[in-house]
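Peer 1: This is the structure, below, for whatever I ask next.
In the numbering used here, the protein residues as written are 31 to 561.
Structure (structure tokens):
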């Protein structure tokens, strides 16, 4: 029997025809996704669900989807899909991470032009029968400095277009290497330098705890007077109220916004201000982009349902069904190792070296590579997956290498991950025990045996008395329960580490109190996806 796919949102007819041409039984019901009760009733009959943003794939929908194997989102954002619930149900979630890049980059350039020349206001004035040439004095783009906050896939396209417009481009991106910056033709700078020099600032980063409010009141005050700000990335990156005050004061000359802190945006502090151009999240809204992502979804879903090939999956690697049975725990280990060094490394990574020992060396190393790289990249880009991670690493000029060797120690096999920056090398190793649970077995060359939990605390110190007691006292004083406690040292009185598995996230007060004891060289809360 042919696989059966439901298209519950508006996808192009070309995509629907691809399903039919590949022998997929497809039902095209573009309005069904808006009716959750109708979707709930229909979903049990389908092997695949192709969606855009209107369809909400909730735990209730997934529970009713008895035959569902794959959900594919035409676009990058999957906020409307409960991925943990899908994973528990064994449902693959796919997206199309690169289909909207050019369209979003072009929209940023369009907003930059519109703000530079006050086009919307000039249009409204002229069509109202006025002729206010002196009112709309604009500024040229040529020879101006464009500051990119984020030089990844979309940011690099904006840089290319801006260079073609004879702009000077500077970029702030902690994970942009000097080599990659040189290839892009941009100057790599720190954020404060960018704020002080840029005539235009455009944002192209995901919304994370580190980037939220990256342009807050303090940052805006550091900007060059007369700067214009463009945001087509994510709402929440810019403090809209602070930016509105800076526009009113004349410090900021204008802004172009496509995304907002609250969407749909009914009432933003930016609305109604002079020389502020606002659009309703149109970054991906071109016929070409919609066609691209729809076609990609149809091809990816067809490949999976007909051959088992997995592309752009957010919750599983590209492995065969046979490999998955053996590789599952090792893949999770690779992700944990990557997540550890990703959270611990705060400067551009030049190289990632992966060593596979013993039984680990006999597995699908391409998938394990992807797991480790994705773990690293997720620290700064939560949208990354095991397919897109190597592409992003390559774009950033990161050198990836792997080595295999026969069993060399007490373990049947292990994985050792090393990241290299301009100033340091950070190494961590792990293995999978017979119970199928991944473990950390070495950090900084110090042997340990650490169970991996969702919330962990990593500290470094000199091997002196009082470390265990201090950790227990401070954490206990903040109602943080310790589930597992691992210590390690190189030699008596030498470098030592502690890795704790705790029951909850550590707040800044707990971290600051530990630092204030003077016993620790570093105190680092860590988070891991443990399922």
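Don't be surprised by glycine CBs; every beta carbon is placed ideally from N, CA and C. None of the values given here were measured: they were computed from a predicted structure.
What three-state label does DSSP hand residue 487 in the structure shown?
Peer 2: The residue given as residue 487 occupies position 457 in the chain shown. Three-state DSSP puts residue 487 in a strand.
Peer 1: What runs of the beta strand (DSSP E), each 3 residues or longer, lie entirely inside the region 372-413?
Peer 2: As for any beta strand (DSSP E) of minimum length 3 sitting wholly inside the region 372-413, the runs are 381-388, ordered along the chain.
Peer 1: Along the beta strand (DSSP E) that carries residue 57, what are the first and last residues, could you check?
Peer 2: Residue numbering aside, residue 57 sits at position 27 when the chain shown is read from its first letter. First-last of the beta strand (DSSP E) with residue 57: 55-58.
Peer 1: With residue 43 as the anchor, note down where its alpha helix (DSSP H) starts and where it stops.
Peer 2: Working through the chain shown from its first residue, we reach residue 43 at position 13. Segment 43-51, the alpha helix (DSSP H) holding residue 43.
Peer 1: Tell me whether residue 360 is buried or exposed, calling it buried when 16 or more other Cβ atoms sit within 10 Å of its Cβ.
Peer 2: For this step, residue 360 is matched to residue 330 along the chain shown. By the neighbour-count rule (16 or more Cβ atoms within 10 Å), residue 360 is buried.
Peer 1: Measure the CB-CB distance between residue 532 and residue 510 and report whether it falls below 9 Å.
Peer 2: Here residue 532 refers to the residue found at position 502 of the chain shown. Here residue 510 refers to the residue found at position 480 of the chain shown. Yes, the Cβ-Cβ distance between residue 532 and residue 510 is below 9 Å.
Peer 1: With respect to the alpha helix (DSSP H) encompassing residue 331, which residues constitute its N-terminal and C-terminal limits?
Peer 2: Looking up residue 331 in the chain shown gives position 301. Unbroken alpha helix (DSSP H) run through residue 331: 317-337.
Peer 1: Got a sec? Which residues, its chain only, sit under 7 Å from residue 477 by beta carbon, not counting five neighbours each side?
Peer 2: Along the chain shown, read from residue 1 onward, the residue named residue 477 stands at position 447. Hits under 7 Å: 471 and 518.
Peer 1: Below 8 Å, how does it come out for the region 547-556 and the region 486-500: are there three or more Cβ pairs, yes or no?
Peer 2: yes
Peer 1: At what residues does the alpha helix (DSSP H) containing residue 274 begin and finish?
Peer 2: Reading the chain shown from its first residue, position 244 is the one you call residue 274. Boundaries of the alpha helix (DSSP H) around residue 274: 270-279.
Peer 1: Cutting at 6 Å between CB atoms, please list the residues of its own chain near residue 64, excluding the five before and the five after it.
Peer 2: Residue 64 sits at position 34 when you count from the first residue of the chain shown. Within the same chain, residue 64 has close Cβ partners 84.
Peer 1: Give the DSSP bridge partners of residue 262, in chain order.
Peer 2: One-based indexing of the chain shown puts residue 262 at position 232. DSSP lists no partner for residue 262.
Peer 1: What three-state label does DSSP hand residue 99 in the structure shown?
Peer 2: Walking along the chain shown from the start, residue 99 turns up at place 69. Here residue 99 sits in coil by DSSP.
Peer 1: For residue 103, count the other beta carbons within 10 Å of its own beta carbon; 16 or more makes it buried, fewer makes it exposed. Which is it?
Peer 2: Along the chain shown, one-based indexing puts residue 103 at 73. Residue 103 is buried by the Cβ-count criterion.
Peer 1: I'd like to know whether the C-beta of residue 272 is nearer than 9 Å to at least one C-beta of chain B.
Peer 2: Absent from the structure is chain B; it holds one protein chain and no more.
Peer 1: Quick check on residue 502: does DSSP put it in helix, strand or coil?
Peer 2: As a first step, residue 502 is located in the chain shown; it is residue number 472 there, counting from the start. Here DSSP, grouped into helix, strand and coil, assigns residue 502 to helix.
Peer 1: Residue 539 lies in the beta strand (DSSP E); which residues open and close that run?
Peer 2: Locating residue 539 in the chain shown gives position 509, where the first residue counts as 1. Residue 539 -> not in any beta strand (DSSP E); alpha helix (DSSP H) instead, spanning 538-546.
Peer 1: Can you give the Cα-Cα distance for residue 311 and residue 289, rounded to whole angstroms?
Peer 2: Within the chain shown, the letter at position 281 stands for residue 311. Within the chain shown, the letter at position 259 stands for residue 289. In a straight line, the C-alpha of residue 311 is about 5 Å away from that of residue 289.
Peer 1: Mapping the DSSP letters down to three states, classify residue 291 as helix, strand or coil.
Peer 2: Counting from one through the chain shown, the residue named residue 291 turns up at place 261. Note: residue 291 maps to coil in three-state DSSP.
Peer 1: Taking residue 270 and residue 291 to be in contact with their CB atoms under 8 Å, please state how far apart those CB atoms are, rounded to whole angstroms.
Peer 2: In the chain shown, counting from the first residue as 1, residue 270 sits at position 240. In the chain shown, counting from the first residue as 1, residue 291 sits at position 261. Approximately 6 Å separates the beta-carbon atoms of residue 270 and residue 291; this is inside 8 Å, confirming the contact.
Peer 1: Compute the Euclidean distance between the alpha carbons of residue 58 and residue 393, then round it to the nearest angstrom.
Peer 2: Position 28 of the chain shown, counting from 1, holds the residue named residue 58. Position 363 of the chain shown, counting from 1, holds the residue named residue 393. One C-alpha to the other measures close to 40 Å.
Peer 1: Three or more beta-carbon pairs under 8 Å between the region 376-392 and the region 440-449, yes or no?
Peer 2: yes
Peer 1: By DSSP's criteria, residue 202 is part of a beta bridge. Which residues make up the other side?
Peer 2: Your numbering for residue 202 matches position 172 in the chain shown. According to DSSP, which records beta bridges pairwise, residue 202 is partnered with 179.
Peer 1: Drop a sphere of 10 angstroms on the beta-carbon of residue 278, count the other beta-carbons inside from all chains shown, and report buried for 16 or more, exposed for fewer.
Peer 2: Numbered from its first residue, the chain shown carries residue 278 at position 248. Looking at its Cβ environment, which holds fewer than 16 other Cβ atoms inside 10 Å, residue 278 is exposed.
Peer 1: Are at least three pairs of beta-carbons, each pair with one atom in the region 374-383 and one in the region 335-347, less than 8 Å apart?
Peer 2: no
Peer 1: Would you tell me roughly how many angstroms separate the C-alpha atoms of residue 252 and residue 176, rounded to the nearest one?
Peer 2: Here residue 252 refers to the residue found at position 222 of the chain shown. Here residue 176 refers to the residue found at position 146 of the chain shown. Roughly 16 Å separates the two Cα atoms.
Peer 1: With three or more beta-carbon pairs closer than 8 Å as the criterion, would you say the region 254-263 touches the region 222-238?
Peer 2: yes
Peer 1: Any contact between the region 406-414 and the region 369-377? By contact I mean 3 or more CB pairs, one from each, below 8 Å.
Peer 2: yes
Peer 1: Grab the span of the beta strand (DSSP E) containing residue 35 for me, first residue to last.
Peer 2: On the chain shown, position 5 is the one that residue 35 refers to. Counting along the chain, the beta strand (DSSP E) containing residue 35 begins and ends at 34-37.
Peer 1: Assuming residue 20 and residue 520 form a contact by the criterion Cβ under 8 Å, report the distance between their Cβ atoms to the nearest whole angstrom.
Peer 2: A question about residue 20 goes unanswered here, because the residues of the chain that appear run from 31 up to 561.
Peer 1: On the DSSP letters alone, give me the boundaries of the beta strand (DSSP E) that residue 210 sits inside.
Peer 2: Sequence index remark: in the chain shown, residue 210 carries index 180 (1-based). Where residue 210 is concerned, there is no enclosing beta strand (DSSP E), although the alpha helix (DSSP H) it sits in stretches over 208-214.
Peer 1: Could you tell me which residues DSSP puts in a beta bridge with residue 455?
Peer 2: Sequence index remark: in the chain shown, residue 455 carries index 425 (1-based). Per DSSP, 450.
Peer 1: Going by alpha carbons, who is nearest to residue 101 out of 128, 331, 414 and 357?
Peer 2: Translated into positions along the chain shown, residue 101 becomes position 71. Answer by Cα proximity: 331.
Peer 1: Residue 93 lies in the beta strand (DSSP E); which residues open and close that run?
Peer 2: What you label residue 93 is simply residue 63 of the chain shown in a count that begins at 1. That residue, residue 93, is in no beta strand (DSSP E); its alpha helix (DSSP H) goes 89-94.
Peer 1: For residue 368, which residues from the same chain have a beta carbon less than 6 Å from its beta carbon, with the 5 sequence-adjacent residues on both sides left out?
Peer 2: By one-based count along the chain shown, residue 368 stands at place 338. These residues qualify, in order along the chain: 402, 405 and 406.
Peer 1: Do the region 498-516 and the region 525-541 meet, that is, are 3 or more Cβ pairs less than 8 Å apart?
Peer 2: yes
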